[in-house]
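Asker: Numbering (my numbering), first residue to last: 4 to 104.
Idealized CB from N, CA, C, for every residue including glycine.
Computed from a predicted model, the values in this text were never measured in an experiment.
A single structure is presented below for examination.
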């Protein structure tokens, strides 16, 4: 066996290994990585959440009045409905003693 045949053999095996690696990387489904993304702009903070496979929730927080609206978005029908409202100014933070300031 001369050096040219050895070099061709090594390069061929390396090419097959790299080709199999590319196939394995591209066949696997991509994981969703944007689950806890929120945006802050001016007086509002907006974030999203998922209820079911076809329904997502858009949370809109008014930072000045401390009010929260949760909009349900149905991807199949395109309908947008208000699911819940909350006044966050009345919520007591964890560990706080009520009645003291």
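Since residue 69 and residue 92 are thought to touch, with beta carbons under 8 Å apart, how far apart are those beta carbons, to the nearest angstrom?
Answerer: Counting from 1 along the chain shown, the entry for residue 69 is found at position 66. Counting from 1 along the chain shown, the entry for residue 92 is found at position 89. Between residue 92 and residue 69 the Cβ distance is about 4 Å, and since that is below 8 Å, they are a contact.
Asker: Please state whether the Cβ-Cβ distance between residue 72 and residue 48 is less than 9 Å.
Answerer: Position 69 of the chain shown, counted from the first residue, corresponds to residue 72. Position 45 of the chain shown, counted from the first residue, corresponds to residue 48. Not closer than 9 Å, so no.
Asker: Run through DSSP, which three-state label would residue 81 get?
Answerer: Residue mapping note: residue 81 aligns to position 78 of the chain shown, counting from 1. In this structure, residue 81 counts as coil in the three-state DSSP scheme.
Asker: Using the C-alpha atoms, what's the distance from residue 78 back to residue 7?
Answerer: Position 4 of the chain shown, counted from the first residue, corresponds to residue 7. Position 75 of the chain shown, counted from the first residue, corresponds to residue 78. Those two C-alpha atoms are separated by around 60 Å.
Asker: If contacts are defined as beta-carbon pairs under 8 Å, then residue 46 and residue 67 qualify, I think. What distance do you get, rounded to the angstrom?
Answerer: Here the question's residue 46 lines up with position 43 in the chain shown. Here the question's residue 67 lines up with position 64 in the chain shown. Yes, they are in contact, since the Cβ atoms of residue 46 and residue 67 sit about 5 Å apart, within 8 Å.
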